[in-house]
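Trainee: In numbering that gives the first Met the number 0, the protein residues as written are 0 to 262.
Glycine included, each C-beta is placed from N, C-alpha and C at the ideal position.
Every value quoted in this text rests on a predicted model; they were computed, and no experiment measured them.
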Amino acid sequence: MSSGNWGDLRARVLSAIVMVAVGAVAIALGGPVWSALVVVVTALMIWELARITAPEDSAGKHLGAALLAVLSLGGLLNQGGQVMLLALFIVPLGFAFTPRRMKWVAVPYALAIMTAGAGLVSLRTMGVTPLLWLLAVIIVSDVAGYFAGRAFGGPKFWPAISPKKTWSGTVAGWIGAALVGAGFHLVAGAPAALIWLSPLVAFAGQLGDILESWLKRRAGIKDSSNLIPGHGGFLDRFDALLLAAMLVFVAQHILYLSVVGGF
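Shown next, in the form of structure tokens:
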């Protein structure tokens with residue numbers, strides 16, 4: 000292995016260790032610590048999206064979008080109810096009324112980022128188990144999809160956007176997610192409905208991955224940023240978690256599905 004490749008691998012491993020350690024501590028502590036971490040990461044993803052969709056804007060405008068995310072999500076997160084829901088639209092409206100590329104994607108994507116942030120904070124208020132379930136669904140479906148796709152290959156899921164993803168890997172991800180739901184039902188006493196909800200969450204995560212790949216392809220970039228050494232940006236790392244967390248938030252707060260809060 001060349002020194003350059005080794006350096007990239009070392010940076011990737013060290014970054015992963017730091018992310019896992021910081022995330023684990025924040026999840027364990029919960030409360031303001033977890034909320035602060037989510038707000039910061041959400042703001043950084045908004046910053047990345049602003050740079051991708053309006054690269055001609057000044058750095059100050061990109062930073063302003065991130066600060067607006069901090070103020071709207073962080074300041075109103077504990078208000079709950081309709082106030083919190085309205086706060087989620089502040090940044091997307093800012094995207095809607097400013098010149099930018101691919102606005103028809105940028106605006107709903109900004110809303111997805113904000114909603115995912117609110118969902119991750121809200122899920123932790125119900126305890127550690129619901130959040131661990133969501134993370135397990137994303138991780139297991141991703142790993143199962145990767146190995147099944149490598150082992151079985153077959154028709155591509157969406158070749159025009161994500162040429163590496165196959166139907167075999169996609170379905171394997173759903174099966175892995177269903178097994179995660181079954182495991183949490185049997186071991187943690189979670190509702191049995193998680194067995195069917197988990198594949199839906201996994202599918203949302205897969206779509207999040209595809210959407211971010213499409214966005215970068217249209218923008219002509221490889222990574223959303225270089226904030227995470229060896230990994231690219233926060234959108235690159237948490238693209239699947241975005242739509243998955245958004246789906247859980249919608250199910251819990253808009254559709255009022257008791258399944259999500261039934262741990």
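(1) Quick one: which unbroken beta strand (DSSP E) runs of 3-plus residues sit fully inside the stretch 132 to 176? Chain order, please.
(2) Quick one: using the 10 Å Cβ neighbour count with 16 as the cut-off for buried, is proline 198 buried or exposed?
(3) In this structure, does DSSP put glycine 231 in helix, strand or coil?
(4) Evaluate phenylalanine 267 with the Cβ neighbour count: other Cβ atoms within 10 Å of its Cβ, from every protein chain shown; 16 or more gives buried, anything less gives exposed.
(5) Terminal residues of the continuous alpha helix (DSSP H) containing lysine 221?
(6) Answer yes if the stretch 237 to 252 comes into contact with the stretch 204 to 213, meaning at least three C-beta pairs across the two stretches below 8 Å, and no otherwise.
(7) Pick from Leu110, Ala135, Val19: whose alpha carbon is nearest that of alanine 181?
(8) DSSP on serine 57, reduced to helix/strand/coil?
(9) Could you please give the first and the last residue of the uninterrupted alpha helix (DSSP H) stretch that includes valine 39?
(10) Please state the DSSP three-state secondary structure of leucine 246.
(11) With DSSP as the reference, label valine 92 as helix, strand or coil.
(12) How many angstroms separate the CA atom of tryptophan 46 from the CA atom of alanine 176?
(13) Pull up the CB-CB distance for leucine 67 and isoleucine 89, whole angstroms please, since I reckon it's below 8 Å.
(14) Please confirm whether phenylalanine 94 and leucine 48 have their CB atoms less than 9 Å apart.
(15) With a cut-off of 8 Å on the beta carbons, I'd call serine 212 and isoleucine 160 a contact; round off their distance for me.
(16) Would you kindly work out how many angstroms separate the C-alpha atoms of alanine 111 and lysine 102, rounded to a whole number?
(17) Short check: CB of valine 40 to CB of glycine 116, under 9 Å?
Mentor: In short, the structure shows the following:
(1) 155 to 157, 161 to 165
(2) The C-beta of proline 198 has 16 or more other C-beta atoms within 10 Å across all chains shown, which makes the residue buried.
(3) strand
(4) Since the displayed the chain opens at 0 and closes at 262, residue 267 lies outside it and no answer follows.
(5) Looking at the DSSP string, lysine 221 is not in any alpha helix (DSSP H), and its letter there is neither H nor E.
(6) yes
(7) Ala135
(8) coil
(9) 30 to 52
(10) Residue state, collapsed to three classes: helix.
(11) The question names valine, but residue 92 in the sequence shown is leucine. Here leucine 92 sits in helix by DSSP.
(12) 31 Å
(13) The Cβ separation is near 6 Å, so the contact holds.
(14) yes
(15) Indeed they touch by this definition, with Cβ atoms about 6 Å apart.
(16) 14 Å
(17) yes
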